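Some notes on the structure that comes next.
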Amino acid sequence: MASNKKAQRPQERANGSKNNCLTTWATRLAVLLLFVATCGWLDTIKDRWYVFNPTSLHELAKEAIAVSGPNDTAGMIEHIVTNLTATYPSTQIRINTDSSEWVFNNAGGAMGAMYIIHASITEYLIIFGTPLGTEGHTGLHTADDYFNILVGEQWAFRPGALEMERYPPGSVHFLPRGTAKQYKMHEGCFALEYARGWIPLMLPFGFADTITSTLDIPTFYRTARVTGREMLKNLLIGKI
Ligand SMILES: *[C@@H]1O[C@H](CO)[C@@H](O)[C@H](O)[C@H]1NC(C)=O
Ligand SMILES: *[C@@H]1O[C@H](CO)[C@@H](O)[C@H](O)[C@H]1NC(C)=O
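Sequential numbering from 1 applies to the sequence shown in UniProt numbering.
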């Protein structure tokens, strides 16, 4: 009898822990499915948080070129920021008007500098460019990207194409989410870049070259600080 009981106990314990293990995994699976379903649902309603509009930003970029003249990049940037702050109330969206706040941007093998005009969870608007020219991979993003050329030209190419796409000042290079190209700013080029979708998921691409190649920690710090600050200030006024 005694030996029988002794033999049963470890087996009961084993059955108990098997059940526990099953419950744990069932719970994990349920949480995962709930998370995936929530993400899918958020993705269908994300456009309700968009404030900017690609068509009016394109109009604004063309107007900035016309008003400032083709060589006055600083004038264009000033025109754009002035127009945006006059158009959108500060209770609706936060715009960073400090146009001296430039940081290097290394991503996809390309290098330039950017001035972050706006950054939130679902949108960003930046001036990106370099007077030297650069070339690289656009990145594969979770956001639609509208690249409004202000100065210079951007060239682009995707596998299978034998001719390049060419984007002069006043044109928009539209890159839908989930697509990638090789691009080149042949000589100096500056653009107003608008992205809408899930911005935090784009950040790893934005930081990868800095972490694995340039090791420019001050740039990393400044970029993270400005991006975080802008996203937070937008969240505080309810701009997702
Ligand atoms: C801003 O730019 C848009 C597009 O060019 C224009 O329609 C609008 O009138 C401008 N708004 C202001 C306040 O200047
Ligand atoms: C812009 O710069 C180019 C090259 O320096 C020059 O040829 C052109 O005349 C300039 N255009 C204007 C409107 O100043």
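All C-beta atoms in this analysis are idealised placements derived from N, C-alpha and C, irrespective of residue type, glycine included.
Owing to the predicted nature of the structure, the values given are computational and were not obtained by experimental measurement.
Review point. What distance in whole Å lies between the Cβ atoms of methionine 185 and glycine 139, which are believed to be in contact at a cut-off of 8 angstroms?
Key: Between methionine 185 and glycine 139 the Cβ distance is about 15 angstroms, and since that is not below 8 angstroms, they are no contact.
Given alanine 195 as reference, the closest of Asn148, Arg48, Gln92 and Thr130 once Cα atoms are compared: Asn148
**Item:** C-beta contact flag for asparagine 106 and serine 213 at 8 angstroms
**Value:** yes
Q: Excluding the 5 residues preceding and the 5 following residue 265 in the sequence, name in chain order all residues of the same chain whose CB lies nearer than 7 angstroms to its CB.
A: Residue 265 falls outside the range modelled here, since the chain spans only 1 to 240, and no answer is possible.
- [ ] Enumerate in chain order the residues of its own chain whose CB-to-CB distance from isoleucine 126 is below 7 angstroms, with the five nearest sequence positions on each side excluded.
- [x] Met114, Tyr115, Ile116, Ile117 and Glu193
- Have a look at Ala86, Ala66 and Thr179 and flag the residue whose alpha-carbon is nearest the alpha-carbon of phenylalanine 157. Thr179
> Enumerated in chain order, which unbroken segments of the beta strand (DSSP E) with a length of 3 residues or greater are wholly contained in the stretch 52 to 114?
Replying inline: 102 to 107
| Pick from Thr97, Pro176, Ile45 and Lys181: whose alpha carbon is nearest that of glutamate 163? | If we check each option's Cα against that of glutamate 163, Lys181 comes out closest.
Cutoff 6 angstroms; reference aspartate 98; Cβ partners in own chain excluding five residues on either side | none
Would the beta-carbon of histidine 141 fall within 8 angstroms of that of methionine 231? no
- Should glutamate 123 be labelled buried (16 or more other beta-carbon atoms within 10 Å of its own) or exposed? Buried is the call here.
* Any chance the CB of threonine 97 is under 7 angstroms from a heavy atom of ligand 1? -> no
message: I'd like to confirm something about leucine 150: is its beta-carbon nearer than 7 angstroms to some heavy atom of ligand 1, or not?
response: no
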